[in-house]
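Protein chains in written order, with my numbering: chain A, 159 to 272; chain B, 276 to 389. Notes for the one structure printed next.
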Amino acid sequence: DAKTTQPPSMDCAEGRAANLPCNHSTISGNEYVYWYRQIHSQGPQYIIHGLKNNETNEMASLIITEDRKSSTLILPHATLRDTAVYYCIVRGKLYGGATNKLIFGTGTLLAVQP
Amino acid sequence: DVKVTQSSRYLVKRTGEKVFLECVQDMDHENMFWYRQDPGLGLRLIYFSYDVKMKEKGDIPEGYSVSREKKERFSLILESASTNQTSMYLCASCCRDRRIPEQYFGPGTRLTVT
Numbered sequence: 159d160a161k162t163t164q165p166p167s168m169d170c171a172e173g174r175a176a177n178l179p180c181n182h183s184t185i186s187g188n189e190y191v192y193w194y195r196q197i198h199s200q201g202p203q204y205i206i207h208g209l210k211n212n213e214t215n216e217m218a219s220l221i222i223t224e225d226r227k228s229s230t231l232i233l234p235h236a237t238l239r240d241t242a243v244y245y246c247i248v249r250g251k252l253y254g255g256a257t258n259k260l261i262f263g264t265g266t267l268l269a270v271q272p
Numbered sequence: 276d277v278k279v280t281q282s283s284r285y286l287v288k289r290t291g292e293k294v295f296l297e298c299v300q301d302m303d304h305e306n307m308f309w310y311r312q313d314p315g316l317g318l319r320l321i322y323f324s325y326d327v328k329m330k331e332k333g334d335i336p337e338g339y340s341v342s343r344e345k346k347e348r349f350s351l352i353l354e355s356a357s358t359n360q361t362s363m364y365l366c367a368s369c370c371r372d373r374r375i376p377e378q379y380f381g382p383g384t385r386l387t388v389t
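Here is the structure:
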């Protein structure tokens, strides 16, 4: 699985867009980009995933560069409740059996300021 | 509402004790995981199971064993607890839909070994 690099921390003003970058320069063609977040004292929560097209759901948008070597998670209107550690993970498509594990790194601590 | 529950939020054990951490999911998921989380190290996979009675070692299995006798229950066992096993332990299960790699996490058990 490709390694990812994220900044250790970021700040964002409440109501503004939070843009969280992730570098994955060794990603291979069949590997997806997944994002999770972990709010303090809770387990991680899935946010979004993508292969090469930009993706959007009710929580966030995922922008993947054309060469797929980096991506950005966008929280369009950050709130105080979005303060969390955000994990960017790269791995192959899930199949059955023993292949469904994810490798979490240390992530980015996003602090949303009032 | 989907749910992963863990037997205890906080646990204090003595060195050398045998410790059982229980995890139960109500989503009929095939895959279950045990992670530990330590400051500065992120989440590290200890063991995972992709079916009843099936298990695979994660990245840090030493000092741990697991048991999956029923689909909904995955137990982590510390045969002889040591102080370096003081940590937050997180259980997860997956997947509701194989197209969506969403691991559902429990609230965690903070284990202190004295």
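Backbone N, C-alpha and C fix where the C-beta goes; we use that ideal spot for every residue, glycine too.
Cβ-Cβ distance between residue i and residue j below 8 Å
i, j, result
"Ile206(A)", "Met217(A)", "yes"
"Gln200(A)", "Gly265(A)", "no"
"Lys227(A)", "Ile261(A)", "no"
"Cys322(B)", "Lys328(B)", "Per the sequence presented here, residue 322(B) reads as Tyr, with Cys not at that position. No; because the gap between Cβ atoms is not below 8 Å, this pair is not in contact."
"Glu354(B)", "Lys293(B)", "yes"
"Asp334(B)", "Arg311(B)", "no"
"Gly263(A)", "Gly317(B)", "yes"
8 Å Cβ cutoff, residue i in contact with chain B
i, result
"Gly265(A)", "yes"
"Leu233(A)", "no"
"Tyr244(A)", "no"
"Gln164(A)", "no"
"Gly187(A)", "no"
"Leu178(A)", "no"
"Pro272(A)", "no"
"Leu260(A)", "yes"
"Gly208(A)", "no"
"Gly201(A)", "yes"
Own chain, CB closer than 8 Å to residue i, minus 5 neighbours either side, in chain order
i, result
"Ala269(A)", "Ser167, Met168, Asp169, Cys170 and Thr241"
"Glu377(B)", "Cys369, Cys370 and Arg371"
"Phe380(B)", "Val279, Leu365, Cys366 and Ala367"
"Ala175(A)", "Ile232, Leu233, Pro234, His235 and Ala236"
"Gln271(A)", "Asp169, Cys170, Ala171 and Glu172"
"Asn212(A)", "Ser219, Leu220, Ile221 and Ile222"
Proximal residues to residue i (C-beta, below 6 Å), its chain only, five neighbours per side dropped
i, result
"Leu267(A)", "Ser167 and Val243"
"Phe349(B)", "Cys298, Met307, Ser324 and Arg343"
"Ser183(A)", "Lys227"
"Thr387(B)", "Val287 and Thr361"
Minimum C-alpha distance to residue i - residue among the options
i, options, result
"Cys180(A)", "Glu172(A), Thr162(A) and Gln271(A)", "Thr162(A)"
"Ser362(B)", "Thr389(B), Ile375(B) and Ser340(B)", "Thr389(B)"
"Ser283(B)", "Glu337(B), Phe295(B), Asp313(B) and His304(B)", "Phe295(B)"
"Thr358(B)", "Phe380(B), Leu316(B), Arg385(B) and Tyr322(B)", "Arg385(B)"
"Val248(A)", "Arg239(A), Pro202(A), Glu172(A) and Trp193(A)", "Trp193(A)"
"Lys210(A)", "His198(A), Ile221(A), Leu238(A) and Glu172(A)", "Ile221(A)"
"Asn177(A)", "Thr230(A), Pro272(A) and Leu238(A)", "Thr230(A)"
"Ser340(B)", "Ala356(B), Gln300(B) and Asp326(B)", "Ala356(B)"
"Lys346(B)", "Thr290(B), Lys332(B) and Gln300(B)", "Gln300(B)"
"Ile197(A)", "Leu238(A), Gln271(A), Glu224(A) and Gly263(A)", "Leu238(A)"
"Asp303(B)", "Pro382(B), Leu351(B) and Asp326(B)", "Asp326(B)"
"Tyr190(A)", "Ile375(B), Asp313(B) and Gly383(B)", "Ile375(B)"
"Gly383(B)", "Trp309(B), Thr290(B) and Glu305(B)", "Trp309(B)"
Closer than 7 Å: residue i CB and nearest the ligand MG heavy atom
i, result
"Ile261(A)", "Among the components modelled here there is no ligand, and therefore nothing to report on the ligand MG."
Neighbour flag for residue i against chain C, beta carbons, 8 Å
i, result
"Pro382(B)", "Chain labels in this structure do not include chain C; the protein chains are A and B."
Residue-chain proximity (residue i, chain A), Cβ-Cβ < 8 Å
i, result
"Gly291(B)", "no"
"Leu386(B)", "no"
"Leu296(B)", "no"
"Leu286(B)", "no"
"Gly338(B)", "no"
Close-in-space but distant-in-sequence residues of the same chain around residue i (CB under 7 Å, 5 per side omitted)
i, result
"Lys332(B)", "Tyr322"
"Asn215(A)", "Ile206"
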